[in-house]
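Shown next, in structure tokens, is the structure this report addresses.
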Amino acid sequence: MSSTVTPRRTAAALVAAALLLPLTACGGDEKDGGEGGSSSAPKANLTVLAASSLTDVFKSAGKAYEKEHPGTKVKFSFAGSQELAAQVKQGAPADALVTADTKTMDGLKSDAGTPTVIAKNRLVIATGKDNPEKIENLKDLADPKLKVVLAAPEVPVGRYSREVLDKQKLKVKPVSQEANVRAVLSKVQLGEADAGIVYKTDAATVPGKVDAITIPDDENAVASYPAATLKSSKNSKAAAAFVKWLSTPEAQKMLRDAGFQKP
209 MSSTVTPRRT AAALVAAALL LPLTACGGDE KDGGEGGSSS APKANLTVLA ASSLTDVFKS
269 AGKAYEKEHP GTKVKFSFAG SQELAAQVKQ GAPADALVTA DTKTMDGLKS DAGTPTVIAK
329 NRLVIATGKD NPEKIENLKD LADPKLKVVL AAPEVPVGRY SREVLDKQKL KVKPVSQEAN
389 VRAVLSKVQL GEADAGIVYK TDAATVPGKV DAITIPDDEN AVASYPAATL KSSKNSKAAA
449 AFVKWLSTPE AQKMLRDAGF QKP
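Read in order, the letters of the sequence shown are residues 209 to 471 in my numbering.
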């Protein structure tokens, strides 16, 4: 009798074990988020240093990333790229960096990983609403009667601005030199300046408050936005996952919708 029961019991045990295996496997995938799944990136509190011109779009992108990666929080610190570079050099705790030019990023090779360009941008002339001074082009900015504000030379947008002006052999004396592109935009918006050179995407953040005068492509400059992880990050895998996500179709669509160009 025992010889009959034992095989039955053994068979039942084998069947039960077989049924449990898939459940165990599923439990493991759920915990890990599944390879390539929306929760596959390690959970972490990330600090991302980003160029001022990315302020609006990155705030939205951060929320989208957190929704897609439960348990991960993304905190941004926005400033001029030169300020961000200084923070990195001084050892400020952060996980990733996105600048508005490749020159600044190239100067941080010992501090950052291999960068990936996630977007590009172009310049426009920002004027007061309805363009009261009737500014039409770069040449008009050379009028000494105009109050023109530019970003400081060490700021990417300030360097780009001077490149386009020098290309046209124009001498423009700014009434002030600002620390970042948002400060330039603010001066124009508040009426403290007649015009300023900013990124196209920045002018688009205040519709109806400033006018944006197009600068022809052959007179313009192209700004590239490289993103990279920081070697000092304590969340290197999570930081790498975020930087990689910036090149995904979802993130790229958000950048396009904000007016940024393809990398």
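Where is the CB? At the ideal position from N, CA and C, for every residue including glycine.
Residues in its own chain within less than 8 Å of lysine 381 by CB, not counting five upstream and five downstream?
Pro352, Val356
Would you identify the three-state DSSP class for phenylalanine 468, choosing helix, strand or coil?
coil
Taking C-alpha atoms, which residue in Glu291, Phe468, Asp402, Ala387 lies nearest to isoleucine 343?
Asp402
Relative to the C-alpha of threonine 437, which candidate in Ala302, Gly288, Val372, Ala252 has its C-alpha closest?
Ala302
Sorted by chain position, which residues of the same chain lie with C-beta nearer than 7 Å to glycine 279's C-beta, five sequence neighbours on each side aside?
Lys251
Extent of the continuous beta strand (DSSP E) to which alanine 304 belongs
304-306
Residues bridged to proline 278 (per DSSP)
None, per the DSSP bridge assignment.
Does DSSP classify lysine 379 as helix, strand or coil?
coil
Distance, valine 256 Cα to leucine 262 Cα:
11 Å
If distances are taken between C-alpha atoms only, which option among Ile333, Gln460, Leu378 comes closest to isoleucine 423?
Ile333
Exposure of aspartate 426, with buried meaning 16 or more beta-carbon neighbours within 10 Å
exposed
Beta-bridge partners of leucine 358, as assigned by DSSP:
Gln385
Kindly indicate if chain B contains any beta-carbon less than 9 Å away from that of threonine 437.
The structure shown has no chain B; it contains just one protein chain.
Beta-bridge partners of asparagine 443, as assigned by DSSP
DSSP, once it has assigned bridges, lists no residue as partnering asparagine 443.
Residue range of the beta strand (DSSP E) that includes serine 289
Per DSSP, serine 289 belongs to no beta strand (DSSP E); it is in the alpha helix (DSSP H), 289-297.
Assess, as a yes-or-no matter, whether the segment 308-328 is touched by the segment 457-469 under the definition of 3 or more beta carbon pairs within less than 8 Å.
yes
Leaving out five residues before and five after arginine 483 in sequence, what residues of the same chain have Cβ atoms less than 7 Å from its Cβ?
There is simply no residue 483 to check, as the chain begins at 209 and stops at 471 in what is shown.
Where does threonine 196 fall in DSSP's three states?
Residue coverage of the chain in this structure runs from 209 to 471, which leaves residue 196 outside it and unanswerable.
How many Å lie between glycine 299 and proline 434 at the Cα?
20 Å
How big is the Cα-Cα spacing for lysine 439 and glycine 336?
43 Å
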